[in-house]
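A short worksheet on the structure shown next.
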Amino acid sequence: MSNTTFPLIDIKSDDETRQIYVKNIIAVYESTTADQLARGRAWYQTAHDLALMISGGNIQAGAGVIAALSANKRWADNVKLATRAFVAGKATGHVGDALRKATRIMAGESPENVLPMDSKTGHFYRCIVNPTDSDAICLDRHAHDIAVGTRYGDHERGLSSKGRYALLASIYREAATRLGELPQVVQAVTWVAWIESR
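Here full-length UniProt numbering is used: the first residue of the sequence shown is 1, the next is one more, and so on.
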């Protein structure tokens with residue numbers, strides 16, 4: 001195990017540091033292939049269509065279960081777990097908290113009352129429900145690493161801090177404004193490029 005320590009993003013980052021993060025995001029966005037750009041731009045619409053399909057047309061339930069089962073899962077695994085939950089009528093294959101949330105949503109509770117709406121999971125839900133929601137932005141470990149320009153691996157990023165999440169969201173929104181895209185589109189496009197460049 002590496003003894004390397006990685007600094008957390010300073011919630012009170014100065015403008016110079018923020019601009020470095022914005023430029024890092026833009027650089028990854030601009031490095032994408034035409035195929036990656038197309039897939040990234042379609043990512044949340046594709047997830048929206050999937051949520052409709054697996055839930056029998058209930059977009060809130062489908063998106064909610066996908067979001068509830070997304071923590072620390074690769075997208076392919078997330079899709080399998082959510083699909084299996086609707087087929088079986090019961091969520092399995094994840095930690096207890098995620099399973100309880102998915103079960104409550106499948107039982108009819110509003111995902112907005114079940115999910116933490118001011119964090120990654122809630123924003124992920126919102127991006128899937130409405131791929132054009134200009135305020136929602138799903139920031140995971142990859143989004144963080146893209147902004148700071150370093151792969152943190154298994155190291156802590158501090159994204160459970162509301163202040164750090166809000167700061168990173170504002171940085172992505174600034175990059176999106178410069179690129180003429182929705183924030184979640186910039187996040188999705190850069191995510192596709194980032195995970196495929198490992």
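Cβ coordinates follow ideal geometry from the N, Cα and C atoms, glycine included.
- The three-state secondary structure of I137, taken from DSSP, is coil.
- Cβ-Cβ separation between A176 and P183: approximately 4 Å, consistent with a contact (criterion under 8 Å).
- As the crow flies, the alpha-carbon of R151 is around 12 Å from that of T5.
- If you draw a straight line from the Cα of D154 to the Cα of C127, it comes to about 26 Å.
- For M53, the enclosing alpha helix (DSSP H) covers residues A34 to I54.
- Within the same chain, Y21 and L167 come within 8 Å of S13 by CB-CB distance, once the 5 residues on both sides are set aside.
- Put simply, the stretch 67-77 touches the stretch 105-125. At least three CB pairs are less than 8 Å apart.
- Relative to the Cα of E109, the nearest Cα in the group A63, N72, I137 and R74 belongs to A63.
- Taken atom to atom, the span from the alpha-carbon of G57 to that of L50 is near 10 Å.
- Measuring C-alpha to C-alpha distances from I9 to each of D133, T83, V87 and D145 identifies D145 as the nearest.
- When DSSP states are grouped into helix, strand and coil, G64 belongs to the helix group.
- With contacts defined by Cβ atoms closer than 7 Å, Y29 and V185 do not form a contacting pair.
- Just measuring C-alpha positions, the residue of M53, I26, K162 and L179 sitting nearest P116 is K162.
- Under the three-state reduction of DSSP output, F6 falls in the coil class, being neither helix nor strand.
- When only Cα atoms are considered, A82 and K23 end up about 35 Å apart.
- For P183, the three-state secondary structure derived from DSSP is helix.
- Excluding the 5 residues flanking it on each side, Q36 has same chain C-beta neighbours closer than 6 Å at V192 and A193, in chain order.
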